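What follows is a single structure, written as structure tokens, with notes after it.
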Amino acid sequence: MTSGIAFSWIAFSIMVAAFAHYKRRSLIGWLAASLAFSPIFTCIILLCLGDNPDLKKCPKCAEYVHKEASLCRFCNFAFSDQTEKDNLPRRGKFRTLQQYEKWKEARVRHLSK
Ligand SMILES: [Zn+2]
Numbered sequence: 563m564t565s566g567i568a569f570s571w572i573a574f575s576i577m578v579a580a581f582a583h584y585k586r587r588s589l590i591g592w593l594a595a596s597l598a599f600s601p602i603f604t605c606i607i608l609l610c611l612g613d614n615p616d617l618k619k620c621p622k623c624a625e626y627v628h629k630e631a632s633l634c635r636f637c638n639f640a641f642s643d644q645t646e647k648d649n650l651p652r653r654g655k656f657r658t659l660q661q662y663e664k665w666k667e668a669r670v671r672h673l674s675k
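675 is the number that this note's numbering gives the last residue of the sequence shown; the numbers go up by one with no jumps.
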């Protein structure tokens with residue numbers, strides 16, 4: 563009985579760690595947190611956090627690199643202002659359409675300098 567619970571705990575922790583890895587977060591860190599606290603608890607936290615905001619996707623090789631990177635470490639793709647322009651965030655980031663439009667105008671003005 564106890565070994566069944568322990569097995570389920572470990573199995574769910576591994577699933578949470580795999581999910582964390584899919585969300586571009588630390589596999590080992592989330593596995594340790596799941597084992598130490600609770601796989602259900604860490605899974606809820608992970609769902610609330612979403613994707614790692616410190617990473618951006620390379621348009622050439624689709625690998626994730628740090629958002630400050632100007633060169634992809636996998637394929638040496640050089641991120642330019644044009645790529646940044648193509649990666650404009652979706653509207654969901656802003657509370658109102660006016661906020662988004664204002665941000666977009668400022669961004670386009672900044673990039674076309
Ligand atoms: Zn790349």
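Glycine included, C-beta positions come from ideal geometry on N, C-alpha and C.
Treat the numbers as computed from the prediction; the structure is a model and nothing was measured.
Exercise for the section: With DSSP as the reference, label A640 as helix, strand or coil. Expected result: When secondary structure is reduced to three states using DSSP, A640 falls in the strand class.
Practice task
Report whether the distance from the Cβ of E630 to the nearest heavy atom of ligand 1 is below 7 Å.
Solution key: Answer for E630: no, Cβ out of range of ligand 1.
Practice task
Compute the Euclidean distance between the alpha carbons of F636 and E625, then round it to the nearest angstrom.
Solution key: So the two alpha carbons sit approximately 7 Å from each other.
Problem - Straight-line gap, I602 to S565 (C-alpha atoms, nearest Å) - result: Roughly 18 Å between the two C-alpha positions.
Handout entry: Residue from A582, K675 and Q660 with nearest C-alpha to C610
Key = Taking the Cα of C610 as reference, the smallest distance to any Cα among A582, K675 and Q660 is reached at A582.
Practice task
Please indicate yes or no: does the CB of F574 lie closer than 7 Å to some heavy atom of ligand 1?
Solution key: Taking 7 Å as the cut-off, one finds no heavy atom of ligand 1 near enough to the beta carbon of F574.
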